[in-house]
Structure formats: C-alpha cells, structure tokens
Amino acid sequence: MDKLSLRERDERMNYTIEKARSSDAASILEYLKQVGSETDNLTFGAEGLPLSVEDEEKFIASYENSDRNVMYLAKSGGRIVGDVSFTSSPRERLRHRGELAISVIKEAWGKGIGNALMLKIIDFAKDTAGVDIIQLEVRSDNERAIKLYEKHGFKKIGMFHGFLKINGELVDFDLMNLYFD
0 MDKLSLRERD ERMNYTIEKA RSSDAASILE YLKQVGSETD NLTFGAEGLP LSVEDEEKFI
60 ASYENSDRNV MYLAKSGGRI VGDVSFTSSP RERLRHRGEL AISVIKEAWG KGIGNALMLK
120 IIDFAKDTAG VDIIQLEVRS DNERAIKLYE KHGFKKIGMF HGFLKINGEL VDFDLMNLYF
180 D
C-alpha cells in the first residue's frame with residue numbers, strides 16, 4: 000500500500016449517527032470524561048459531568064420523545080466518538096431559539112464527524128424544533144471549531160470575557176448565532 004492510500008484510509012472513519020437513548024447513559028458519561036481530558040475547549044475537564052448514570056438516563060429520557068430537544072451520538076465500532084445536543088425552552092418568549100453543544104474525541108478530529116453532527120442538529124433545530132436562532136459559545140482561540148461554525152452560517156455576535164477559568168487563567172469565549180430566514 001502506498002503512502003497516499005494509507006493516508007486516505009487513516010483520514011476516513013466509519014461511523015453512524017443516531018439519537019441518544021437512555022441505555023447510552025453510562026457510555027455517554029465515559030465519553031464525556033474522555034473528551035474532557037483531551038481538550039480545554041469544553042466547560043468541563045477529565046472529571047466529566049457530575050451526574051450519576053441514573054441522572055443521565057433521566058436526562059436523556061426527557062429528550063427521547065421531544066420535538067424541542069435532542070442529542071445525537073456519532074458511533075464508530077459501537078463506541079461514541081462525538082455528540083451534539085440541542086436544547087430549547089418551552090417558554091413562549093424563548094422558544095424561538097435554542098442552544099447547541101458539540102464535541103468530538105481527538106482521534107476523530109478532521110474526519111468529518113463534527114460537520115455531519117452539525118448538519119444533523121441544524122436540520123433538527125430548523126425543521127423539527129422550528130426555531131429561528133441557534134446559539135452557541137466557543138472558546139475564542141478555538142479556530143478549528145469557529146471555522147466549522149462559520150461554514151454552517153454562524154456569525155459572531157459578541158464575546159464573553161472570562162467565560163471560563165482554567166488553572167487560574169480567564170478564558171474568553173465568542174458568542175455565535177445562526178439565524179434562519
């Protein structure tokens with residue numbers, strides 16, 4: 000096998016995207032610990048989220064039959080390699096918008112998974128949840144993520160100085176929105 004063929008093979012990853020189910024709870028919590036240990040771009044670190052498996056099951060169950068909230072998982076070989084969620088409010092004055100959160104494990108960066116998850120969640124937000132605006136926060140120096148969001152039409156609307164504090168350092172985040180016509 001020549002170098003180009005090996006490189007092409009290494010860049011591809013077989014994966015599926017599916018809605019999270021309550022039965023995924025333990026795997027999701029383990030995934031979040033892994034992804035949190037690999038980057039400082041998230042609101043948590045290697046500790047993951049402070050939830051029990053039962054709490055995560057209840058959280059996911061609340062999304063399973065919702066037309067306003069959803070979580071999708073990218074899986075490769077049965078293992079979670081990425082996730083994206085969309086959350087919106089049932090309150091009348093807030094139901095026109097929702098928030099997106101996305102992550103991909105480091106070994107899967109640059110393999111199209113983030114892009115595929117973005118397409119899936121944008122379709123859900125627009126076509127199922129029926130929102131006018133998707134909002135997100137992204138670390139201001141996370142050029143790779145910002146480029147992905149801009150590719151999908153997100154625009155920077157402001158900056159939150161000191162959004163996170165990591166190892167005593169304040170970290171700025173950009174606020175970005177996608178507006179549907």
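Those letters in the sequence shown? Residues 0 to 180, per numbering that gives the first Met the number 0, in order. Idealized CB from N, CA, C, for every residue including glycine. In this text, all values refer to a predicted model and were calculated from it rather than measured experimentally.
Classification of residue i by the beta-carbon crowding that lies within 10 angstroms, buried from 16 upward
i: Asp82; result: buried
i: Ala144; result: buried
i: Met0; result: Because the pLDDT at Met0 is just 36, under 50, the model does not fix this residue reliably, and the value given afterwards should be weighed accordingly. Exposed: under 16 other Cβ atoms inside 10 Å.
i: Glu106; result: exposed
i: Ser110; result: Reading the sequence as shown, one finds Lys at residue 110 and not Ser. So Lys110 counts as buried.
i: Arg8; result: Because the pLDDT at Arg8 is just 40, under 50, the model does not fix this residue reliably, and the value given afterwards should be weighed accordingly. Exposed.
i: Met70; result: buried
i: Leu5; result: Residue confidence is low: Leu5 scores 34 on pLDDT, short of 50, so the model does not pin down where it sits. No coordinate-derived value is stated.
i: Ile104; result: buried
i: Ala24; result: buried
Range of the contiguous alpha helix (DSSP H) that encloses residue i
i: Asn181; result: Residue 181 cannot be examined here, being either before or after the span of the chain that is shown, 0 to 180.
i: Arg90; result: No alpha helix (DSSP H) contains Arg90, which DSSP labels as neither H nor E.
i: Val34; result: 24-37
i: Phe123; result: Here Phe123 belongs to no alpha helix (DSSP H), and DSSP marks it neither H nor E.
i: Tyr14; result: Element bounds for Tyr14: n/a, residue is neither H nor E.
i: Ala144; result: 142-150
Reference residue i; option with closest CA among the options
i: Arg20; options: Leu72, Val170, Gly76; result: Leu72
i: Ile156; options: Lys164, Val170, Ile133; result: Ile133
i: Phe153; options: Gln33, Leu174, Leu28, Glu63; result: Leu174
i: Asp131; options: Met158, Gly97, Phe159; result: Gly97
i: Lys146; options: Glu56, Met117, Val170; result: Met117
i: Ser84; options: Gly35, Ser75, Leu135; result: Leu135
i: Ala60; options: Ser22, Asp171, Trp108, Ile79; result: Ser22
i: Ala128; options: Ser102, Leu93, Glu142, Trp108; result: Leu93
i: Val170; options: Arg90, Arg138, Lys18, Glu17; result: Arg138
i: Arg90; options: His160, Arg78, Ser36, Arg67; result: Arg67
Beta strand (DSSP E) segment containing residue i, residue limits
i: Leu72; result: 69-75
i: Arg138; result: 132-138
i: Phe58; result: Not the beta strand (DSSP E): Phe58 falls in the alpha helix (DSSP H), residues 52-63.
i: His160; result: 154-165
For residue i, three-class secondary structure by DSSP
i: Glu106; result: helix
i: Gly113; result: helix
i: Glu46; result: coil
i: Ala19; result: coil
i: Leu41; result: coil
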